[in-house]
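Here's the structure, in structure tokens; my notes come after.
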Amino acid sequence: MIVTYADIDGFKNLSGISFAPDLKYNIIVGPNAQGKTNLLEAMWILSGCRSFRGSKEKDYITIGGNRMSSKIKIHDGAREQKISIEMTRNASSPKQIVLNGVKQKGTRALFDVFKCIAFIPDDTEIIKGAPERRRNFIDMAASQLNPVFVVHINKHGAVMNQRNALLKEIMQGNAGADVLEVWDRQAAHEGTLISYMRNEYIARINDICGRLYRIISGGSEEMELEYRSSVFHPHDFERPCGDEAYEQYYRKLRESSEYDIRTGTTHIGVNRDEILIKINGLSARDFGSQGQIKSAALVMKLAQAEIYKTKSKDSPVVFLDDVMGELDEGRQRFVFDIIKDMQVFLTTPNESALLPEIKGKILRISGGRITDVSSHWE
Ligand SMILES: Nc1ncnc2c1ncn2[C@@H]1O[C@H](COP(=O)(O)OP(=O)(O)O)[C@@H](O)[C@H]1O
Ligand SMILES: [Mg+2]
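Each residue of the sequence shown is one higher than the one before, starting from 0 at the first, in numbering that gives the first Met the number 0.
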């Protein structure tokens, strides 16, 4: 998949951005705070995902401005598609999403259209952050393969909110404990599906991470992912995802309900899962060096790209925000070898820190505008 055209205006500090990207490398260059990451972000939101740097939608529009629009054309080898998001401040319907000329109800419609993967410095949090970060990574990556997964995650989240609210009501004597049962049934249903999907994705990514980490570490280190389900043992997943599995999940929830009522929160289920990431047998989160954590995060993202590419027979578009300059030559080569047939948008304050073979379009950004477009080939 490639982006063939981008047009962005009024997104944060960006104005009047319009360009036809290189099929291969697009190098966005400029000093700090000029809008390099904003440019990636403005394209990224067209994937239907939330901002990769956690920006709120209300902050997308330029401060003091009234409107923002981000539009791209993409081509997947078969056909061209047009995606746009426009937002207007204080309008009755502030956000307009249009896919191939047809207005869409929500960003969900975009989820399956523009596939991209972003590498950002904050990715190291996947390794060293709270368990939620790893769960989110796996859930997002698995949803990219199978968008119906998002439906189950959202349903489970809604059921958990209800259950946790009820736990507090019961604790205060405003409701009887029997009301939990119907929610526990639903939680067990969604939770079991989520557990099986996580298990499957983790098994796949584990194989690839193992291979890639061996290469990036020069053959000297092993990386391994282990799914620690709060309900199921690894061998439980050998059994198909069916009634027996739901019952097991449901029973565990019931067993925990008394304690849950006393504490006002749910202690069992996919919201308590951990994905253990080990390097040479030790938890990378607890014992990894900075270099190991950086490499492991990079490998997780590269593995995600590889899985996606294999599944869809099409490559995702790759965004690299301020990560290449940070890597030594060997690691840069390793990354570019894996993403060599993908379209890349990368930002850097200093293009001379990049490998000489990274040639393509150079977009210079200053004050939210493209001030110069040149090509390495010229
Ligand atoms: N809603 C907004 N309106 C106007 N400017 C914004 C908005 N949000 C962020 N900015 C500005 O964008 C700039 C940061 O852009 P960014 O893309 O992060 O820079 P960099 O080139 O370092 O990646 C800052 O100057 C910031 O003030
Ligand atoms: Mg930046």
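C-beta: ideal position from N, C-alpha, C; glycine also. All figures in this text were calculated on a predicted structure; none of them were measured in a lab.
Query, Result
"Lining residues of ligand 2 - beta-carbon closer than 7 Å to any non-hydrogen atom, in sequence order", "Lys35, Thr36, Asp320, Asp321 and Thr346"
"Contiguous beta strand (DSSP E) assignments of at least 3 residues, all confined to the stretch 231 to 282", "273 to 278"
"Backbone CA spacing between Met170 and Arg78 [nearest angstrom]", "57 Å"
"Ala32: CB within 6 Å of a non-hydrogen atom of ligand 1", "yes"
"Contained alpha helix (DSSP H) runs [length at least 4] in the stretch 46 to 129, N- to C-terminal order", "123 to 127"
"For Thr87 and Gly96, believed in contact at Cβ under 8 Å, the rounded distance", "One point to set straight first is that residue 96 is Ile, not Gly, in the sequence displayed. That pair is no contact at about 13 Å."
"Sequence-distant residues of the same chain with beta carbon closer than 7 Å to Ile126, five excluded per side", "Ile276, Ala283, Arg284, Gly287, Ile292, Ala295 and Ala296"
"Simplified DSSP state of Lys35, which is helix, strand or coil", "helix"
"Meets three-Cβ-pair contact criterion under 8 Å: the stretch 9 to 17 and the stretch 345 to 355", "no"
"Chain-order list of residues whose beta-carbon lies under 6 Å from that of Asn198 (same chain, five-residue window excluded)", "Tyr226 and Phe236"
"DSSP-derived helix/strand/coil call for Ile44", "helix"
"Lys104, buried or exposed, once every other Cβ within 10 Å from all chains shown has been counted against 16", "exposed"
"Closest residue to Val112 among Phe136, Asp75, Gly268 and Arg49 (Cα-Cα distance)", "Asp75"
"In chain order, each beta strand (DSSP E) run of at least 3 residues that lies wholly inside the stretch 195 to 232", "222 to 227"
"Beta-carbon spacing of Ile201, Leu166 below 7 Å", "no"
"Asn25 Cβ short of 6 Å to ligand 1 heavy atom set", "no"
"DSSP three-state assignment for Val158, whether helix, strand or coil", "helix"
"Helix, strand or coil at Ile465 [DSSP, three-state]", "Limits of the chain in this structure are 0 at one end and 377 at the other, which puts residue 465 out of reach."
"C-alpha gap between Leu353 and Thr370, whole angstroms", "21 Å"
"Asp138 CB to nearest heavy atom of ligand 1 below 6 Å", "no"
"Ser256 classed as buried or exposed, judged by whether at least 16 other C-beta atoms fall within 10 angstroms", "buried"
"Coarse secondary structure for Ser294, derived from DSSP in three states", "helix"
"Close beta carbons around Asp320, own chain, < 6 Å, minus the five adjacent residues each side", "Thr36, Leu39, Ile119 and Thr346"
"Alpha carbon of Glu243 to alpha carbon of Thr191, nearest angstrom", "10 Å"
"Of the residues Ser229, Leu179 and Arg210, the one placed nearest Ile260, counting alpha carbons only", "Leu179"
"Delimiting residues of the beta strand (DSSP E) encompassing Val334", "No beta strand (DSSP E) holds Val334; the alpha helix (DSSP H) holding it covers Glu328 to Ile337."
"Same chain, Cβ closer than 7 Å to His155, five either side skipped, listed in chain order", "Ala186, Glu189, Gly190, Ile193 and Val269"
"Beta-carbon proximity list for Arg271, same chain, < 7 Å, skipping 5 on both sides", "Ser229"
"Asp58 Cβ short of 6 Å to ligand 1 heavy atom set", "yes"
"Separation of Gly100 from Ser219, as counted between CA atoms", "52 Å"
"Beta-carbon spacing of Met222, Ala141 below 7 Å", "no"
"Extent of the continuous beta strand (DSSP E) to which Leu362 belongs", "Lys360 to Ser365"
"Asn160 beta carbon near ligand 1 (any heavy atom closer than 6 Å)", "no"
"Bridge partner(s) assigned by DSSP for Ile137", "Note: Ile137 sits in no beta bridge, so no partner."
"Cβ-based neighbour list, Ile204, same chain, cut-off 8 Å, excluding 5 preceding and 5 following", "Ile137, Ala140, Leu224, Met299, Ala302, Gln303 and Ile306"
"Continuous beta strand (DSSP E) stretch holding Val317: start and end", "Val316 to Asp320"
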